[in-house]
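Chemist: Residue numbers (this note's numbering): 14 to 378.
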Ligand SMILES: Cc1cc2nc3c(=O)[nH]c(=O)nc-3n(C[C@H](O)[C@H](O)[C@H](O)COP(=O)(O)O)c2cc1C
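#1: When the Cα of residue 66 is compared with those of 352, 332, 202 and 163, which residue comes out closest?
#2: Please tell me whether, using a cut-off of 6 Å, the distance from the CB of residue 51 to the nearest non-hydrogen atom of ligand 1 is below it.
#3: In angstroms with no decimal places, state the Cα-to-Cα distance between residue 154 and residue 260.
#4: With a threshold of 8 Å on Cβ separation, who are the neighbours of residue 313 within its own chain once the five nearest residues in sequence on each side are excluded?
#5: Ligand 3 heavy atoms versus the CB of residue 75: any closer than 6 Å?
#6: Alpha helix (DSSP H) containing residue 238: first to last residue?
#7: Taking the straight line between their C-alpha atoms, what separation do you get for residue 263 and residue 233?
#8: Please state if the CB of residue 49 and the CB of residue 97 are separated by a distance shorter than 7 Å.
#9: Is any non-hydrogen atom of ligand 1 found closer than 6 Å to the C-beta of residue 121, if you look at the structure I gave you?
#10: Starting from residue 84, trace the alpha helix (DSSP H) both ways and give me its first and last residue.
#11: Do residue 40 and residue 90 have their C-beta atoms closer together than 7 Å?
#12: Which first and last residues belong to the alpha helix (DSSP H) in which residue 56 is found?
#13: Looking at the unbroken beta strand (DSSP E) that takes in residue 141, where does it start and where does it end?
#14: Given residue 83, which residues of its chain have a CB within under 7 Å of its CB, disregarding the five upstream and five downstream residues?
#15: Put residue 33 into one of helix, strand or coil per three-state DSSP.
#16: Here's the rule I'm using: 16 or more other beta-carbon atoms within 10 Å means buried, otherwise exposed. How should residue 242 be labelled?
#17: I believe residue 7 touches residue 103 by the beta-carbon criterion, under 8 Å. Please report the beta-carbon distance rounded to the nearest angstrom.
#18: Alpha carbon to alpha carbon, how far is residue 366 from residue 358? Give it in angstroms, no decimals.
#19: Considering only their Cβ atoms, is the gap separating residue 186 from residue 33 smaller than 7 Å?
#20: Nearest by alpha-carbon distance to residue 178: which of 202, 156 and 189 is it?
#21: Does the Cβ-Cβ distance between residue 140 and residue 204 come in under 7 Å?
#22: Can you name the start and end residues of the beta strand (DSSP E) that residue 269 belongs to?
#23: State the Cα-Cα distance for the pair residue 369 and residue 236, rounded to the nearest angstrom.
#24: Nearest CA to the CA of residue 182: which residue from 253, 77 and 95?
#25: According to DSSP, is residue 251 helix, strand or coil?
#26: For residue 188, does the count of other Cβ atoms within 10 angstroms reach 16, so buried, or fall short, so exposed?
#27: My understanding is that residue 142 touches residue 86, with C-beta atoms under 8 Å, so please give their C-beta distance in whole angstroms.
#28: What does the Cβ neighbour count give for residue 25, buried or exposed, with the cut at 16 atoms within 10 Å?
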């Protein structure tokens, strides 16, 4: 049975559960005095690369909001769960002009692009300047801000998400009770799910090109995730045809991506380690996508070593292990053991990529 709940101010904090980011926002007042306070009403606002922005909501009479209005700058510091007590200390209603940090273990360090300092103990930090302020009537002040710099502890950026989550140990805000009891969760029980191929997900090998693609453009196409590669193929060919071209070049791709606010750096984030990533579409004139990065290569070597230790009667090929790189790390051993079991049941002594793909397809069916 469900029951309708009254919508009241602070609905998002009272009955409704709304897990949120926990941050400490640092600002300077007009006289250059430092202020710090926790804020969780925060959300990415404009996610395109062209103009990344963030949105933060404040009580209009808070020192933080007043300082932002006065100076146009602030820093969003994300502390680890080990600093929750300090976060709570900075939330106390200290009088204007009091530097809350003096009552905490946080240390102010210079920021890269803005005047308000950052907090050394915070593994991820965002330096912001005001783009627009909306003062909601008798309610929050909403600040839409430009992201001037994203600063992280060294080593974090390079980590896989599975490693970075425990390394950063960010708390999750779970709201408050009566404005005094604040609830948080720690990210100690993280679960991971793998997105299965979409029902219409195209295998790269099934995509047909109708124009000729030069080798650079083909390589660019191969960097697009397989499930959107068909759409991109059609869009780029339509674009190139519109330009009167008969051969698709990387410039056509770049121009089209730019229209969406994307550039090559953004596209890199979509680069897939999927087994189809480097397959060449039928009809393509050149295969140019065989680019195994050094990192991938090391990962495949280590998988091969592990796989071939599992059973003396079942050997994995390197290509079979390459096809396994898309399996999330916590599940990889289990996946390999499943493959070995299946190989033994079927009397298969050599696990090749076709065998891995068949087992995957059966599992996903
Ligand atoms: C975890 C946490 C999250 C908070 N998030 C917000 C928020 O998003 N917006 C807000 O106005 N106040 C929020 N507060 C309350 C302010 O931090 C508190 O009112 C503080 O005293 C304001 O300080 P200031 O006047 O120095 O800015 C939060 C408090 C805590 C403990």
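Idealized CB from N, CA, C, for every residue including glycine. Small disclaimer: the values here were computed from a predicted structure and weren't measured.
Modeler: Concretely, from the data shown:
#1: Proximity to residue 66 across 352, 332, 202 and 163 peaks at 163, based on C-alpha coordinates.
#2: Yes; taking the cut-off as 6 Å, the Cβ of residue 51 has a heavy atom of ligand 1 nearer than that.
#3: Taking C-alpha positions only, residue 154 is separated from residue 260 by approximately 52 Å.
#4: 305, 331, 334, 335 and 338.
#5: As far as ligands go, the structure on display features ligand 1 and does not contain ligand 3.
#6: Following the DSSP letters along the chain, one finds residue 238 in no alpha helix (DSSP H), marked with neither H nor E.
#7: Cα atoms of residue 263 and residue 233: separation of roughly 7 Å, rounded to the nearest angstrom.
#8: Against a cut-off of 7 Å, the Cβ pair of residue 49 and residue 97 comes out as no contact.
#9: No, since every heavy atom of ligand 1 falls outside the 6 Å radius drawn around the Cβ of residue 121.
#10: Residue 84 -> alpha helix (DSSP H) spans 76-84.
#11: Not closer than 7 Å, so no.
#12: Per DSSP, residue 56 lies in no alpha helix (DSSP H) segment; the continuous beta strand (DSSP E) that holds it begins and ends at 55-59.
#13: 137-148 is the extent of the beta strand (DSSP E) around residue 141.
#14: Around residue 83, the same chain offers 42 and 43 as residues with beta carbons nearer than 7 Å, after the five sequence neighbours per side are excluded.
#15: DSSP places residue 33 in strand when its eight states are reduced to three.
#16: Buried: at least 16 other Cβ atoms inside 10 Å.
#17: This structure gives no information on residue 7, because the portion of the chain shown stretches from 14 to 378.
#18: Going by the C-alpha atoms only, they are around 18 Å apart.
#19: Yes; because the gap between Cβ atoms is below 7 Å, this pair is in contact.
#20: Among 202, 156 and 189, the Cα nearest to that of residue 178 is on 202.
#21: No, the pair does not count as a contact, with Cβ atoms beyond the cut-off.
#22: Premise fails: residue 269 lies in the alpha helix (DSSP H), 263-272, not in any beta strand (DSSP E).
#23: Spanning the two alpha carbons is a distance of roughly 22 Å.
#24: Nearest option by C-alpha distance: 95.
#25: In the structure shown, residue 251 falls within a helical segment according to DSSP collapsed to helix, strand and coil.
#26: Per the 10 Å Cβ criterion, buried.
#27: Yes, residue 142 and residue 86 are in contact; Cβ-Cβ is about 5 Å, under 8 Å.
#28: Residue 25 is exposed by the Cβ-count criterion.
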